[in-house]
Amino acid sequence: MINNLLIGLVFFLKFAIPAAIPFAPFLAGWANFILDTIDGDILIPLGMADASYQPIDKIADWAAYIGMVAAAWKFKWGIRKWIYGLFAFRSIGQVAFLATGKEWLFFAFPNFLEPLFLIYATIFFFKRADEAQTYVFYLKHKLAIWLFVVIYKMQDEYFTHIANVDRSDLIKNLIRKFF
Numbered sequence: 284m285i286n287n288l289l290i291g292l293v294f295f296l297k298f299a300i301p302a303a304i305p306f307a308p309f310l311a312g313w314a315n316f317i318l319d320t321i322d323g324d325i326l327i328p329l330g331m332a333d334a335s336y337q338p339i340d341k342i343a344d345w346a347a348y349i350g351m352v353a354a355a356w357k358f359k360w361g362i363r364k365w366i367y368g369l370f371a372f373r374s375i376g377q378v379a380f381l382a383t384g385k386e387w388l389f390f391a392f393p394n395f396l397e398p399l400f401l402i403y404a405t406i407f408f409f410k411r412a413d414e415a416q417t418y419v420f421y422l423k424h425k426l427a428i429w430l431f432v433v434i435y436k437m438q439d440e441y442f443t444h445i446a447n448v449d450r451s452d453l454i455k456n457l458i459r460k461f462f
């Protein structure tokens, strides 16, 4: 019973937090990222089957992407056309995965949207929601930002969806090995 309540709470948060992204892009965006990073480590041990978890997780991810698009539109971000395009690109991968169950599609349609959004939302937050200053900063550092986004996300998609490396287990095993 308690496990089902905890599973329900995690899934409630996986949809409630994305709904907050248009109102608090930095805080809700990073909260969503953290929850999405750890949710499998919570839900699977509570008894949720991976086959059930994956489709629901991907639908919740898509809800977060919609929140990111809404935030970019609401605040008239200078990168909003990139946000829209990356949303469409990743959505193709999401739909293809849901239709086929083939994880390699996430590598073929990498999620560049989320890291770009989080970087821009962070700049926007620290520039005190001044879009003009945020966009100028982005343009000045565009090459470094995009190099980070592409390198980070391609390795992430590879390890998560091609090699199927559970990084939580990897970290636990390394800690056990050295300590």
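The numbers in the sequence shown follow our numbering, run straight up by one, and end at 462.
Using N, Cα and C, we set each Cβ at its ideal position, and we do this for glycine too.
- Message: I'd like to know if the region 378 to 391 and the region 411 to 430 are in contact, where contact means that at least 3 CB-CB pairs between them fall below 8 Å.
- Response: Three or more beta-carbon pairs separated by less than 8 Å are not found between the region 378 to 391 and the region 411 to 430, which leaves the two stretches without contact.
- P393 and E440 closer than 8 Å at C-beta: Closer than 8 Å, so yes.
- Item | 4-residue-minimum alpha helix (DSSP H) runs that sit fully inside the region 437 to 461, ordered along the chain | If we require 4 residues or more, the alpha helix (DSSP H) runs fully inside the region 437 to 461 come out as 450 to 461.
- A371, enclosing alpha helix (DSSP H) - first and last residue: Boundaries of the alpha helix (DSSP H) around A371: 363 to 383.
- Can you tell me whether A355 is buried or exposed, with buried defined as 16 or more other CB within 10 angstroms of its CB? Taking all protein chains shown into account, A355 has 16 or more neighbouring C-beta atoms within 10 Å of its C-beta and is therefore buried.
- Query: Taking C-beta to C-beta, are L318 and I300 nearer than 8 Å?
  - Reply: Between L318 and I300, the gap from beta carbon to beta carbon is short of 8 Å.
- When F309, K357, D322 are compared against V293, the one with the closest alpha-carbon: Out of F309, K357, D322, D322 has the C-alpha closest to the C-alpha of V293.
- List the endpoints of the continuous alpha helix (DSSP H) containing N286. Counting along the chain, the alpha helix (DSSP H) containing N286 begins and ends at 285 to 303.
- Query: Nearest CA to the CA of P305: which residue from M351, F298, F395, L296?
  - Reply: It is M351.
- Task: Determine the contact status of F395 and V433, defining contact as a CB-CB distance below 8 Å.
- Result: The answer is yes: Cβ separation under 8 Å.
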